[in-house]
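Here the structure is laid out as structure tokens; the discussion comes afterwards.
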Amino acid sequence: MGIVVVFPLNKKIQHGGNLREAAMLYNIPLENWIDLSTGINPNAWFPPEIPHSVWQRLPEADDDLLASAQQYYGCKDLLPVAGSQLAIQSLPYCRKHSRIAIVSPCYAEHPYWWQQAGHEVLLISANEVEQYLPSIDVLLLINPNNPDAHRWSLATLQHWHKQLVERNAWLIVDEAFMDSTPQFSLLSHYQHLPDGLIVLRSIGKFFGLAGIRLGFIAAPDHILHKIEAMQGPWSISHPTRWVGALALRDTQWQQQTNLAQQSDKLHTLLSRYFKKIHVSHYFCYLPHTQAKQIKHQLAKQGIWVRFFENPSAIRIGLPKNNEAFHQLNNAFLSIFCTNLLK
Ligand SMILES: Cc1ncc(COP(=O)(O)O)c(C=O)c1O
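With the working numbering applied, the sequence shown covers 701 to 1042.
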């Protein structure tokens, strides 16, 4: 059954990547940790030296970032944003009071911001979408999903979009983790976005560039204009635009980076210890009644993973190299072979 969400205004949303907190809590120096708490490519794209002029000049909207993105995504109706997070925060202000269903478990920032903007937010499960479709104004889902790696086919999403748009309702698809499987992206099908369809993309995950804060929103013009007006002239820095454009044009690196192979390797390792594993190219998600204890035992050995309370699960990102794989395996061996979970 879908549930209506109410977030307390001051609730702090948990995220991965909080390694300083881990270092404090477990008294292990920052540099000794293996951080598997995020879902980003651990072997990131690295920029060449950044020219001085790029640090000095103000960002220019007519540089080649947009053209590079249009080429990369195969879609024209794009707006760069300071991380897809910025689009997540802005979209709820582009609609009057609405009833929005968000497929859950999900990236918690989505329900949080729709609720803060005063909308009625329902958290539904993947198999409840058909049931809720006739009575909602917005359907929002993450494809592939973070954290549980659930995937929807293009045909299913297009079918739902058709039903929604007839009632002026929206389908929002967050494709932050789509880059390694572009054939499943809605953007590969639309040069121009039809009414009622909004897609979010991130530079942080596939390129491993979470720190530069760059993402894109693809949407019909009137929505892009609203978001552009909200974010103002300089919310994306010039260095970010410069680095982002280069990464988007680096087809050689894009073809060489092999997340699928790394995630297969992680899956194989985890299947020695876990029965239920949801696999994505960026992380594995493990529902487990003792998830909290597993996270704690891994942390004691300097491995930081993401814990989810409801449902009880951990999410493990891709180790960077063979040594990190080895350390993860040793940590699980010690946890499961010496009954540390008792
Ligand atoms: C599903 C999903 N969408 C969007 C974001 C925001 O990403 P960014 O703002 O770095 O593009 C995240 C961050 O973890 C995410 O997990």
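Glycine included, every Cβ here is placed at the ideal spot set by N, Cα and C.
- Taking the Cα positions, T856 is about 21 Å away from H810.
- In this structure, A960 has its beta carbon at no less than 7 Å from each heavy atom of ligand 1.
- Cα atoms of S790 and Q816: separation of roughly 11 Å, rounded to the nearest angstrom.
- If you check the CB distance, I802 and P939 do not come in under 8 Å.
- In the DSSP secondary-structure assignment, W733 is not bridged to any residue.
- Distance from the CA atom of L1018 to the CA atom of C1037, rounded to whole angstroms, is 23 Å.
- Comparing C-alpha distances from A767 to each of L948, F746, D848, H752 shows the shortest one belongs to L948.
- Within its own chain, the residues whose Cβ lies closer than 6 Å to the Cβ of H978, once the five positions on either side in sequence are excluded, are D848, A849, Y985, listed in chain order.
- Taking 8 Å as the cut-off, the beta carbon of I903 is found closer than this to the beta carbon of I912.
- Cβ neighbours of S853 within its own chain (closer than 7 Å, five residues either side excluded): none.
- One alpha carbon belongs to H892, the other to E721, and they sit about 43 Å apart.
- Ranked by Cα distance from Q714, the first of R1006, H889, P748 is R1006.
- With contacts defined as CB atoms closer than 8 Å, Y890 and C794 fail to qualify as a contacting pair.
- In the DSSP assignment, S902 falls within the unbroken beta strand (DSSP E) covering 897 to 902.
- Note on W814: 16 or more other CB atoms within 10 angstroms of its CB, so buried under the neighbour-count rule.
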